[in-house]
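Chains as they are written, first to last, in our numbering: chain A, 706 to 1044; chain B, 706 to 1044; chain C, 706 to 1044; chain D, 706 to 1044.
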């Protein structure tokens, strides 16, 4: 922790700060500058809140040196975390493309979708049973019935599934249906009770970045899950909110790089929700792979025009297949592979 | 709904769009422009998703005309909604200042805080028993014990209380302790299951705006509560996330105006979390009142230096009293009053 | 300057940093922490670029302690700067409201506008001769002819004028016409050559904040003017760009507070360009005054429907008069006054 | 143009709107909906300002249908614009990587840099003679002397050069030194007088996107240049400003896609200024190529530690060479090439 004193801070004020630091087992060094007095405090500063310090008289600002996340940091664990989902690895040299419809709708839709996923060469399937919608009047998902359908398809096609958990009260049902990967959506990235609960299972968790979460907050949300005992966490960048209105969200391509540098967790990208438009999915997917993403989460629907949710961003099965082929070429260009 | 066709849309594509609109009971009018064909669709367009339409071939964009929120809109209910909390009105000509500590800590702290709230002239008290914290290693609140403490103080000083509900499983406990106003925090603004559940009670709800929620999304979140049966909703602006780093959040003063024009619900402001700094609270509070806010939610702590949470933004009891006095003068300048 | 070394920085890397700091006349103190080595550097760090330092091996980050602006800072000059424009003071206890049309159009329009300004009780007039427009096909202003018209009106009604300078080649013409206050628009806030040139005059300058400039960058832009020799600078907050689309720009009410705390320069607000809608002007104006603004810049047009520019945000003369009356009441509520 | 009337608009108000539209040679169609009356107006709506219309009584909002840019749009010119710079094509299947130092410093530096550019396989060189710096106390570039140096190097190594023009008064000097490509920097994207002047030359112009410009505003800025007669315009995405602080700017990878779809102009990317950190340049560059960029603008310095500007983002000559090799592989993976 570095404490910058006001220009006119008194010796008494400096003494109070030093006392406070010492009380928190930090060792203080007072440096007399030309314009300011700066106090350096070394030790485990996680026990001390920078904002708290700033309430002391005479302090201009207090700057934290050590990052707040620990268990999810690369410093804590150098090697890439590889997560094994029923034999499919996420976070290794091989890149995984997860395809499937935004929402589970009917057995027929799911069956055709699953066939499309398999024939495109993907080894994991997505599908939403519970849908977070901005409007209470929009389709909210099939619920438990959707989970059952997903599971059926999963078994039939040997495709591990990923689906979103919104309500903490549904966790037991998710475990009962043995969902393979639990998705925490962007709106729930800081639903801390939900994070703690999935942290108490051993299920792989895809943690989507909040709509305007900093990378640091995203990693702190992951830390909640890890701190509760579950380090099977996959980070998912899905675009953030900015002033631009030409597309749905701004895909933060740099976040892939930063998250992978700061953390050992795998990072996947959702190019469908980023752009929010079918025609953007392919290029955003290829860019994500070139930037180092460990996987993709792609909306695909047998008949986008009939989709009950996010119709405008779903690929057709044949478009997914074509995306997988193109992804393979780019992956190989940077020394990685696809199944 | 207005549908703008691509420059080179065919007659067949136009026909498909008209058929689709008609199928949704919308009446379509095709307008031949110099550069584009535009199709106007009138009727209850809530049944039709603009994005869904955009998946049809030949469509450049579809623009919604009617707003998605209905029950919380001023169109639906012209007069200001006034919410009565144990005799204290929110949303009337009288402005309410709600004071109290960010977190409930000890009986002594709460007792001094409550005395400060009363002597400042406030008629409602805030205090957090469950605290949403970015870090799992930060103080998470006293929990149920904090609720009990709050209730005790509430009874002793005849101060209706407001406190945050984070976990839907805690709602029954909140009802058991007869919390007067339930706060939904910024991180849970789109925790739709939580919104639906508080919507099934009759408790007044303070709905904080999400960190980067548009005003429209904020009103849609309120619509979730209203649609479930509870229209005792108080909107709370608390600053949004932007590129500026000189303070915590950017208080969106214009949101007060827009929310009150679009909706009949009362709008209050949290100047403490907006600026995130003690020295900013007073001026932001006065500006909010001048802009038309119906109330304020202000952090106050008997001893900010000892506060376990958000120490840097809490006022002292005497600062709160002074703020109330200043607020009264500004309120009267614009024709409103304080208790 | 505080330098945080990487976790695994070597002694040799530390030595290089210390040598570099010493070479810049900074005194280095090496602090051994539990997780990191931190080096404190005291002295005039303006000679050293933090980013430059970060290129040295083994450095995680370098944090600047001293702010980069100097001449415009309150530290440099404690008392409020008061700027006298032909007898009208800006920055004193008295608040100035500057009214007038967005664009100078015709002698008749300007005459009616000036009468409206005077009868509303304003003592300064605005009017654009050169207009920055997003589209090359929009009205670009009357140019020099507009300046002449403005000057005529200025003389006739004894109203000092403010008008925008976009092209550095026009400065001499502005001086020839003896424009009273030169406005630097939001799009030119970092047009450094323009800043240097107006810095070489003694004319009062209104410096509008850039569309997404941080307060610190805004003050650095002011520093360019001050460093060139002109400290007659008035800062003007006019809203910034965010994700919200319900209005034109987000008025950053907190920026008023921060700019006035960090700098001794007067701060005025443009409530017209902030909201971009007539109905928002009044409430935003009152909020700005309550927050501590030293003045307002308000669009007024005798006949907004005929306005060639920003028609949707101009007040009628009678609305300006009513705004001035309301502003006076709020100003007095916070211990200030209006002419 | 689509005009949505207020819920309670009167027939008289509707008539006024229709009259106004007709007066602008637009053909109006009134549609009676269940909740609103909507008026469709077809014809060349560029003559009518949506905001202007909104000042009429009874109008809720007016929505523009036709985009404002015309000459730079792909609708206007379907085929990709290819710009030939002394034999080097920008905008064709071949991707160009432009390398060189942020600032021209010394003959030695430039000589080594040029050798590095050539040996990396790049065919164009960058170098700043005039530098826009946030602080007046930072190095501002060598000015005209820098131009001379650049030209010398350009001749010696047969490398066409690109350099930034900040001050409109310097344009003649740029032409005299026969600069090959004129760069308009991010801070001057809406310096309309500068745009008009470079529009009157035939020189290729790199137009960097403004720090928080929408893609639409960026294209409108290009339209200024095109409307003045110069369509040799290269768009350059360089990251935008957001709330994220982990890096300098957020590279808007989606903007590449959208700009290329909306416009026929070539789009290049500056991965150096986007991330602002050396370690990010390579991955951002590869991602940009995968997303469809026509070129890159990359900071390279023979000795970054001695660089007078943006030292922290410059690659070494050997790193540039390695980047070019990697770029080639990715380019070929998507069916493009490098020289």
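Glycine included, each C-beta is placed from N, C-alpha and C at the ideal position.
query                                                                                                                               : result
Interface partners of residue 723 of chain D on chain B, CB under 8 Å                                                               : Chain B residues near residue 723 of chain D: none, gap ~14 Å exceeds 8 Å.
Beta-bridge partners of residue 808 of chain D, as assigned by DSSP                                                                 : D:833
Residues that residue 745 of chain A contacts on chain C, provided the C-beta gap is smaller than 8 Å                               : 707, 734, 736, 743, 745
Local conformation of residue 998 of chain A per DSSP, three classes                                                                : coil
CB contact check: residue 1035 of chain C to chain B, cutoff 7 Å                                                                    : yes
Residue 820 of chain D versus D:1005, D:996, D:873, residue with shortest Cα-Cα distance                                            : D:1005
Chain B contact residues for residue 824 of chain A, given Cβ-Cβ distances below 9 Å                                                : Within 9 Å Cβ-Cβ: nothing; residue 824 of chain A doesn't reach chain B, min ~22 Å.
Contact with chain C by residue 980 of chain B, beta-carbon distance below 7 Å                                                      : yes
Whether residue 1051 of chain B touches residue 771 of chain B by CB criterion (7 Å)                                                : Shown here, chain B extends from 706 to 1044; a query on residue 1051 of chain B therefore has no answer.
Residue 730 of chain A Cβ short of 6 Å to the ligand HEM heavy atom set                                                             : No copy of the ligand HEM occurs in the structure displayed, which carries no ligand at all.
Beta-carbon proximity of residue 1017 of chain A to residue 760 of chain B, cut-off 7 Å                                             : yes
Min CB distance residue 920 of chain C to chain B below 7 Å                                                                         : yes
Beta-carbon proximity check, residue 707 of chain D vs residue 768 of chain D, cutoff 7 Å                                           : yes
For residue 1025 of chain D, the nearest candidate out of D:789, D:825, D:713 (CA to CA)                                            : D:825
Reduced DSSP category for residue 734 of chain A - H, G, I as helix; E, B as strand; rest coil                                      : strand
Which listed residue (C:949, C:936, C:984) has its alpha carbon closest to that of residue 782 of chain C                           : C:936
Segments assigned beta strand (DSSP E), at least 3 residues, entirely inside the stretch 769-795 of chain D                         : 788-790, 793-795
Top-ranked residue by Cα proximity to residue 914 of chain D, from D:716, D:905, D:925                                              : D:925
Within-7 Å CB hit, residue 719 of chain D to chain B                                                                                : no
C-beta atoms of residue 777 of chain B and residue 968 of chain B nearer than 7 Å                                                   : yes
Beta-bridge partners of residue 887 of chain C, as assigned by DSSP                                                                 : C:868, C:910
Min CB distance residue 911 of chain A to chain D below 7 Å                                                                         : no
Residue range of the unbroken beta strand (DSSP E) whose run includes residue 942 of chain A                                        : 938-942
Cross-chain neighbours of residue 946 of chain C in chain A, by beta carbon under 8 Å                                               : 948
Residue of B:736, B:853, B:811 minimising C-alpha distance to residue 1008 of chain B                                               : B:811
Extent of the continuous beta strand (DSSP E) run through residue 925 of chain A                                                    : Taken as a continuous stretch (DSSP letters only), residue 925 of chain A belongs to no beta strand (DSSP E), being part of the alpha helix (DSSP H) at 920-932.
Coil, strand or helix - residue 726 of chain C by DSSP                                                                              : helix
C-beta atoms of residue 732 of chain C and residue 747 of chain C nearer than 7 Å                                                   : yes
Residue 958 of chain D and residue 996 of chain D closer than 7 Å at C-beta                                                         : yes
is_contact[residue 749 of chain B, chain A] using C-beta, thresh 7 Å                                                                : no
Nonlocal neighbours in the same chain, by C-beta distance under 8 Å from residue 833 of chain A, ignoring five residues either side : 806, 807, 808, 809, 846, 851, 868, 869, 1014
Counted within 10 angstroms of its Cβ, other Cβ atoms place residue 1037 of chain B as buried (16 or more) or exposed               : exposed
Same chain, Cβ closer than 7 Å to residue 933 of chain A, five either side skipped, listed in chain order                           : 901, 904, 905
Cα-Cα separation between residue 709 of chain D and residue 766 of chain D, rounded to whole angstroms                              : 5 Å
Rounded separation between residue 1039 of chain B and residue 1034 of chain C - CA only                                            : 8 Å
Within-7 Å CB hit, residue 986 of chain B to chain E                                                                                : Any reference to chain E falls outside this structure, whose protein chains are A, B, C and D.
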